[in-house]
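In the numbering used here, the protein residues as written are 27 to 109.
To start, the structure under review is shown below, and the notes come after it.
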C-alpha cells in the first residue's frame with residue numbers, strides 16, 4: 027500500500043494560546059473571556075463567559091481594542107510602532 031501524506035491542519039499557536047488560557051483560568055488568574063474562534067469551512071463561534079458576561083461594557087471595550095489591533099494587521103502597521 028503506498029503512503030499518502032495527510033495534511034497537518036492543527037494550528038500549534040492556537041493550541042498553545044488556549045493551553046495558556048486554560049492554565050490561567052484554573053489558577054484563578056483569568057476571570058472572564060470574550061472570544062471569537064474560527065472553525066473549518068469558514069464557520070465561527072463568538073461568546074462571553076465569567077466577568078465578561080457580567081460586565082458587558084468592559085468586555086465591549088476589550089473587544090474594541092482587539093478590533094483596533096486587527097485593523098493594524100489589516101493595514102500592515104508594525105506592532106512595535108508607538109503611536
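Yeah, the Cβ is synthetic: ideal placement off N, Cα and C, and Gly gets one too.
Computed from a predicted model, the values in this text were never measured in an experiment.
When DSSP reads this structure, residue 64 sits in a beta bridge with 70. With a cutoff of 8 Å on beta-carbon distance, residue 79 and residue 50 are scored as not near each other.
For residue 71 and residue 101, the gap between their C-alpha atoms comes out near 25 Å. Within the model, the alpha-carbon separation for residue 95 versus residue 106 is close to 12 Å. At a Cβ-Cβ threshold of 8 Å, residue 41 and residue 60 do not count as neighbours.
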